[in-house]
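S.K.: If you read the protein sequences in the order shown, they are chains A and B.
Everything in the first sequence is counted per my numbering, starting at 25 for the first residue and increasing by one.
Everything in the second sequence is counted per my numbering, starting at 47 for the first residue and increasing by one.
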Amino acid sequence: MTLPSISEQKAILQGCLNNINHQSNLMKQCLNDNNLLQALKHCSNFLNELRTNQLSPKQYYEMYILIFDSLEYLANHLLNSHNAKVQKIRRKQQRKLENANTGNNIEDGGNSEKSITSLDTTSSPFLSDLYELVQYSGNIIPRLYMMIVIGTTYMATNEAPTKEIMKDMIEMCRGVQHPIRGLFLRYYLSQRTKHLLPFSNSVDFNETIEFLIANFIEMNKLWVRLQHQGHSSERELRYRERKELKILVGSNLVRLSQIIDDYKGNGEEDENYSPISFYKTNIFPTITEQIIQCRDHLAQSYLIDVLIQIFPDDFHFATLDNLLNNVFLNLHPLLKKSELISTLVDRFIVYHKFESDLVTETNEKLVVDDDNNNNKKVKKDQSFDTDTSELFGIFWNFYVRLYESDPDLPVEEHSTILQCYIKLSLTYYPTNLTNLDIIYKFATENLVSKNQDNSENTEELWLQLLVVPIRFFPSVKNLFNLPFFHEFYLKLTNKAYQKQISLEIINKFLGISTNDELLDISPPKVEEFEFEYLTTTDEIDGIFKYLLVLIKDSQSQQLNTSKNLGITKTIKLNNGENGIITQEFLDVQEKFCKVIHLIETPLDPFKNLSNLMYVRRKYLNKNSTNIIYTYPTLINKILYKLKLIGYMNLKQKKKNPSIDYSNQDLLITTNFKNLSIIIDELYQHHQQFNSELILKLYLNAATIADQLKQESLAYELFNQCFIVYEENLILSSHQYNYYHHISPQDSLGGGSLPYQSILLISNKLINTRYFNKENYESLITKLTVYGSKLLKKQDQCRSVYSCAHLWWWCEILLPPGEKSPTVNDNQTDEKSKGVTESEKTEESTKEIKAEAEAETQVKEDEETEPETEPEIEVDVLYRDDKRVLECLQKALRVADSCMDPYLSLKLFIEILNRCLIFNIYGNALVDSRYINGLIDLIRTNIDNLKTDDNEAAFLNVTDGGVASSSNVDDELDKEARLFRQSRGVFERTLDYIRDQQIHDNRFDGIIV
Amino acid sequence: MSGRKKTLLKVIILGDSGVGKTSLMQQFVNNKFSHQYKATIGADFLTKEITIDNNKQVSLQIWDTAGQERFQSLGVAFYRGADCCVLCYDVTNEKSLNNLTSWKDEFLVQSNVTNPQDFPFIIIGNKIDVDDSKKIPSLQKKLQNITNNQLGGLNYPVFETSAKEGINVEAAFEVIAKMALQQEELNDANGHDVSDDYNDAINIHLESEYSGCAC
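Put into structure tokens, the structure is as follows:
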């Protein structure tokens, strides 16, 4: 027989439903008219609809529900009329009895009792007759449904022979062997009997259990048999139908679970009754035997699932060993055990969460509860502890046996099971990590190596095993106690997966939250993330051994893979000459820097330093192309620590000068040297594109060395700066044209990289205070010479006048009471040194000197001019007025030699401003006469330029004319603008001088 | 006969897995509470006779359903003929609150009620006994949002209960019974015409149509 199509099925169902409604209404009418037999006929009519085999289980269920409601109506009616009849008879008997009592007194007592007991038998015939009567119904389906509805109604009365009826009904149900009909019939039986099952004593209870189990076994057989019915082409359909029908079978297990809940044992007969042991000895073996023997894939997976879901956790703890080793191992070989394990473990995890909530709750309540309760609860908690202590062991034994019995188990299964185990272990034994290590050890030794061939797919599964604990642990440091975690990690052949794990670790360590979708067990709540420091080399190893893959993996490789993945967003560095990198790569480098900052031992800076050195030596320098991103952080961190140590050292020295500090000094010196090596390493690999950065690093180190009074170190470090400058910066101006973008309109502004570098160095040098005079002068002279050799005139000029400041300190920058060694030297052999120094300097300095000489001599006459405020400081500040003048003269000459008159003018004005500063700070050689000369020079220049054509343009604009009129000639306009600008600056300078003359008594002899 | 007049009211309890539907029903019908979680398989009902206001005896047939879909394989035919629907959520589980709407929609689609606009629903937030810190933050506001915006803007009665401590359970079910009774009376008023139609319908299903096994 073929099944009708879906639309046909719908039509059939509708017809059935209509008919059922119709017949059931007729039945209700008959019942209201007290026409019971007719009502039963209608009832039988609508029950006939259940004989169809043209409907799907779902549709059949719809019919079933409708019929169920109608039968409930019938049952209610029958029960009510039964009760009414009983009452009627009782009332009649009562009356008779009263009559008899009044007439015959006590003698009739025995008789009356008899009549009361006979009352039961006289009243029952109504339902029991009916029970017999319906058995004459023609078809078995209506017959059995009616039997059940009447039988159970009968059972609901007090007088019924309950157990006989139960036995009879369940026997009769065997008559229906059609799977769907049989399943629904038995389901009806189970639904109707659920409140009527006797369990007042252990005999009843056992019989009830037998009744339920028998029904379960029969239903399971029907259900399994359905699979093998019909044509083989309908196998799929059968399977779907069976899936729909499964809850009918499962409902029996629900009943079993409920009845065990309800039965509290019978105090007299079996004091030792406990639901758990009853389940363990009576129910569990029978049910599981049934499940195993049916050898059906669907039945096994569903029924085990139900078994796990509907019996309490305590029961499962008690039968766990059996369940795993005797049941799971004997299930259908193709059945996915991992799903069942997962259900079971999830359940235990929920239980644990709930239980621990409960424990805290009861602990709170303990205060209120009386002693008895206390003991009980404490006992319960203890049993809970002992129950679960073996949990992992049992699960693990099962796993090992599973592995042995089925070596070809798919990797997915292994992975899922082990993941469950990890979660279980983390939940139940959060502090005990040996379990996890067992898992990783096993995986490392048995699983990964075996599946080399299809590693691509399987490794992703292994990845999950590694990720879960990282996310769960409150601290990454927990991983340190899992040696096999790393072993397992190393077994991953796909670097991308390794990197993913490494990123997980680094994120966890830095407190960067990741989405927790993977993690369905809640990790212990962390209120606020607190950074943990890496204090020992072991800890550093612990973290960095996972990060090594990120370090070693060079960016070019990464770029290739990213190209393969279609990532197009890249970042060009250094005009693309140094390759292209991705944002992700930079993010990782940034994270590394953050990790470096967490290498910290706050109380032991020396240890800290050695740790930092260790990280560099063992990990960071493994990829020399990437150190440009990580070393600066490392270097700054080291420098910071050195600074702290150095200051502490100086402070102690000041306090107790008697103690020998050579040891500490030596340590500082060594560390500075190491630091220098690190910067040098960076320099060796990256001088081509990053020498400016390296220069800054050297400068910082040099400044700090100076502040710590490490003169020779500071001197060497400044020398390193000069090396960097000479080797790379002098010639590299063409590579860095972005300095010119500072003011694109102004070709005279900005400066080349060498010029910027000189400014950088001079800015640091001017703040150094602990060089002796010789060294200091050697450094500043060198720098000035560099400046005077720059290519562009404006750079030359500006460098030289900036360097002039190096000879004329304006700030003390020293703790009170201290004197700079630079100045001390100055005092002892001021004259001689000054002369010899100047003689020793290179040729170019001599040049400057020679050229300046003439003017210097002129100026010396006016030396006597009094300077008020700065004089107090003279003895603590290093000052050399002649050198300043030499520099200014040199600057003037350079400015004068410019081909471009506008540029010359601009530079002259700049120099004028410098002169004003030196004048204010008391350089006697830069006196009012000198300044007047300069002002005159500028005026002459301006006048010369004014005579040119562009004067008109200038006037146009300054007179408030429309600026756009000067747009006529672009070239002219540009020059005019520059000229205007310069004149503006000059005017403001003069205003300033006038202002100062009025208010501050400065610039006395200057004529404006 | 008094028994015949007694009304049977069908109530369906819906809600996410683990919100405590079974516990609510058990607390109301049997005054029992168990800490053990047991998933509900399929659907099951309990009946309880109660008396509401003017000494009216009603019999409540309360259907407890499986929150997990995999345990509802036969469909939800038992929604049919319901007189009231209880939508449950867990005050500690925001997702269960947000799912109320889908449960309501699912019910209306499957139950085929004649008056979806004013079919009686009631909302129960269970587990109020738990610690305040675990509850959904600013619950009232969220709840109001949902009842106003998503549940069709109707003001369904809301109860906060604890099946564990038995708080508010009786009160909630009393309201449920009243609402269900109203709905049943409404149905009776409209429904008689419908059943009359069936009386005149021709029975197109003849016995002979059955083929195959005649068991």
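Here a beta-carbon is modelled for each residue, glycine too, at the ideal position from N, C-alpha and C.
Keep in mind that this is a model prediction, so the values were computed, not measured.
#1: Let's see if you can read the secondary structure: which residues bound the beta strand (DSSP E) around residue 104 (chain B)?
#2: Can you list, in chain order, the residues of the stretch 105 to 117 of chain B whose Cβ is nearer than 7 Å to any Cβ on chain A?
#3: With 7 Å set as the bound, which would you pick, yes or no: does the beta-carbon of residue 59 (chain B) sit closer than that to a beta-carbon of chain A?
#4: How long is the line joining the alpha carbons of residue 83 (chain B) and residue 609 (chain A), rounded to whole angstroms?
#5: For residue 828 (chain A) versus residue 931 (chain A), is the C-beta spacing smaller than 7 Å?
#6: With C-beta atoms as the reference, is residue 956 (chain A) less than 7 Å away from residue 1017 (chain A)?
#7: Specify whether the stretch 93 to 101 of chain B and the stretch 219 to 232 of chain B touch according to this definition: at least 3 beta carbon pairs, one from each stretch, less than 8 Å apart.
#8: Rounded to whole angstroms, what is the Cα-Cα separation between residue 933 (chain A) and residue 1010 (chain A)?
#9: Apply the 10 Å Cβ neighbour rule to residue 636 (chain A) and answer buried if 16 or more other Cβ atoms are within range, or exposed otherwise.
#10: For residue 174 (chain B), which of helix, strand or coil comes out of DSSP?
#11: Count the other C-beta atoms from every protein chain shown that fall within 10 angstroms of the C-beta of residue 190 (chain B), then say buried if there are 16 or more, exposed otherwise.
#12: Taking only three categories from DSSP, how would you classify residue 643 (chain A)?
#13: According to DSSP, is residue 833 (chain A) helix, strand or coil?
#14: Which of helix, strand or coil does DSSP assign to residue 739 (chain A)?
#15: Can you give me the C-alpha to C-alpha distance between residue 252 (chain B) and residue 181 (chain A), rounded to a whole angstrom?
#16: On the criterion of 16 or more Cβ atoms from any shown chain inside 10 Å, does residue 330 (chain A) qualify as buried, or is it exposed?
#17: Within 10 Å of its beta-carbon, does residue 671 (chain A) have 16 or more other beta-carbons around it, so buried, or fewer, so exposed?
#18: Would you please verify whether the beta carbon of residue 124 (chain B) is less than 7 Å from any beta carbon of chain A?
#19: Taking Cβ positions only, does residue 63 (chain B) come closer than 7 Å to chain A?
#20: If you check the beta carbons only, do residue 900 (chain A) and residue 836 (chain A) fall under 7 Å apart?
#21: Are the stretch 435 to 449 of chain A and the stretch 359 to 378 of chain A in contact at 8 Å, needing three or more beta carbon pairs?
#22: Give me the Cα-Cα distance between residue 466 (chain A) and residue 509 (chain A), rounded to the nearest whole angstrom.
#23: Can you round the beta-carbon distance between residue 135 (chain B) and residue 171 (chain B) to whole angstroms, since I take them to be within the 8 Å contact cut?
#24: Taking only three categories from DSSP, how would you classify residue 970 (chain A)?
#25: Is the CB of residue 85 (chain A) under 7 Å away from at least one CB in chain B?
#26: Do the stretch 941 to 955 of chain A and the stretch 840 to 849 of chain A meet, that is, are 3 or more Cβ pairs less than 8 Å apart?
#27: Check residue 1021 (chain A) in the structure and name its three-state DSSP category.
#28: Would you mind telling me which residues of chain A sit closer than 7 Å to residue 119 (chain B), beta carbon to beta carbon, in chain order?
#29: I'd like to confirm the pairing. Which residues does DSSP put opposite residue 56 (chain B) in its beta bridges?
#30: Using the three-state DSSP reduction, which class does residue 1032 (chain A) fall into: helix, strand or coil?
#31: I'd like to confirm the pairing. Which residues does DSSP put opposite residue 93 (chain B) in its beta bridges?
#32: Could you compute how far the alpha carbon of residue 813 (chain A) sits from the alpha carbon of residue 1002 (chain A)?
#33: Under a CB-based cut-off of 7 Å, is residue 181 (chain B) close to chain A?
#34: Taking only three categories from DSSP, how would you classify residue 55 (chain A)?
#35: Assuming residue 414 (chain A) is part of the beta strand (DSSP E), what are its boundary residues?
#36: Which of the residues in the stretch 324 to 336 of chain A, read from start to end, lie with their CB under 7 Å from any CB of chain B?
M.R.: The relevant details are as follows:
#1: Position 58 of the second sequence, counted from the start, is the residue given in the question as residue 104 (chain B). 102 to 110 is the span of the beta strand (DSSP E), which, as asked, contains residue 104 (chain B).
#2: Of all residues in the stretch 105 to 117 of chain B, 117 have a Cβ within less than 7 Å of some Cβ in chain A.
#3: The count along the second sequence starts at 1 and reaches residue 59 (chain B) at position 13. Not one chain A Cβ lies under 7 Å of residue 59 (chain B).
#4: The sequence position of residue 83 (chain B) within the second sequence is 37, counting from 1. The sequence position of residue 609 (chain A) within the first sequence is 585, counting from 1. In a straight line, the C-alpha of residue 83 (chain B) is about 49 Å away from that of residue 609 (chain A).
#5: Translated into the one-based positions of the first sequence, residue 828 (chain A) becomes position 804. Translated into the one-based positions of the first sequence, residue 931 (chain A) becomes position 907. No.
#6: Translated into positions along the first sequence, residue 956 (chain A) becomes position 932. Translated into positions along the first sequence, residue 1017 (chain A) becomes position 993. No; because the gap between Cβ atoms is not below 7 Å, this pair is not in contact.
#7: yes
#8: Position 909 of the first sequence, counting from 1, holds the residue named residue 933 (chain A). Position 986 of the first sequence, counting from 1, holds the residue named residue 1010 (chain A). Their backbone Cα atoms lie some 6 Å apart in a straight line.
#9: Mapped onto the first sequence, residue 636 (chain A) falls at position 612. Under this definition residue 636 (chain A) is a buried residue.
#10: Against the second sequence, residue 174 (chain B) aligns to sequence position 128. Three-state DSSP puts residue 174 (chain B) in coil, outside helix and strand.
#11: Position 144 of the second sequence, counting from 1, holds the residue named residue 190 (chain B). Around the beta carbon of residue 190 (chain B), a 10 Å sphere encloses fewer than 16 other beta carbons of the protein chains shown; the residue is thus reported as exposed.
#12: Residue 643 (chain A) sits at position 619 when you count from the first residue of the first sequence. Coil, per DSSP.
#13: By 1-based counting over the first sequence, the position of residue 833 (chain A) is 809. Note: residue 833 (chain A) maps to coil in three-state DSSP.
#14: Within the first sequence, numbered from 1, the residue matching residue 739 (chain A) stands at position 715. It is helical.
#15: Translated into the one-based positions of the second sequence, residue 252 (chain B) becomes position 206. Translated into the one-based positions of the first sequence, residue 181 (chain A) becomes position 157. Residue confidence is low: residue 252 (chain B) scores 45 on pLDDT, short of 50, so the model does not pin down where it sits. Its coordinate-derived value is still stated next. Rounded to whole angstroms, residue 252 (chain B) to residue 181 (chain A) spans 37 Å at the Cα level.
#16: Residue 330 (chain A) sits at position 306 when you count from the first residue of the first sequence. Per the 10 Å Cβ criterion, buried.
#17: Here residue 671 (chain A) corresponds to residue number 647 of the first sequence, with the count starting at 1. The residue is exposed, with fewer than 16 neighbouring Cβ atoms inside 10 Å.
#18: Locating residue 124 (chain B) in the second sequence gives position 78, counting from the first residue. It does: the Cβ of residue 124 (chain B) has a partner Cβ on chain A nearer than 7 Å.
#19: One-based indexing of the second sequence puts residue 63 (chain B) at position 17. No, residue 63 (chain B) lies away from the interface with chain A (no Cβ there is under 7 Å from its Cβ).
#20: Working through the first sequence from its first residue, we reach residue 900 (chain A) at position 876. Working through the first sequence from its first residue, we reach residue 836 (chain A) at position 812. Yes, they are a contact pair.
#21: yes
#22: Mapped onto the first sequence, residue 466 (chain A) falls at position 442. Mapped onto the first sequence, residue 509 (chain A) falls at position 485. Approximately 11 Å between the Cα atoms of the pair.
#23: One-based indexing of the second sequence puts residue 135 (chain B) at position 89. One-based indexing of the second sequence puts residue 171 (chain B) at position 125. Right, the Cβ-Cβ distance comes to about 6 Å (below 8 Å), so this counts as a contact.
#24: As a working note, residue 970 (chain A) is residue 946 in the first sequence. Three-state result, residue 970 (chain A): helix.
#25: Counting from one through the first sequence, the residue named residue 85 (chain A) turns up at place 61. It does; some Cβ of chain B falls within 7 Å.
#26: no
#27: Here the question's residue 1021 (chain A) lines up with position 997 in the first sequence. Residue 1021 (chain A): helix per DSSP, three-state reduction.
#28: By one-based count along the second sequence, residue 119 (chain B) stands at place 73. Ordered by position in chain A, the residues that pass the 7 Å Cβ test against residue 119 (chain B) are 267, 268, 270 and 271.
#29: Within the second sequence, residue 56 (chain B) is the residue found at index 10, counting from 1. Answer by DSSP bridge pairing, in chain order: B:107.
#30: Reading the first sequence from its first residue, position 1008 is the one you call residue 1032 (chain A). Note: residue 1032 (chain A) maps to coil in three-state DSSP.
#31: By 1-based counting over the second sequence, the position of residue 93 (chain B) is 47. Paired residue(s): B:107.
#32: To locate residue 813 (chain A), count along the first sequence from 1; it is residue 789. To locate residue 1002 (chain A), count along the first sequence from 1; it is residue 978. When rounded, the distance between both Cα atoms is 26 Å.
#33: On the second sequence, residue 181 (chain B) is found 135 positions in, with the first residue counted as 1. No, residue 181 (chain B) lies away from the interface with chain A (no Cβ there is under 7 Å from its Cβ).
#34: Walking along the first sequence from the start, residue 55 (chain A) turns up at place 31. Here residue 55 (chain A) sits in helix by DSSP.
#35: As a first step, residue 414 (chain A) must be located in the first sequence, where it is residue number 390. Where residue 414 (chain A) is concerned, there is no enclosing beta strand (DSSP E), given that its DSSP letter is neither H nor E.
#36: 330, 333, 334 and 336
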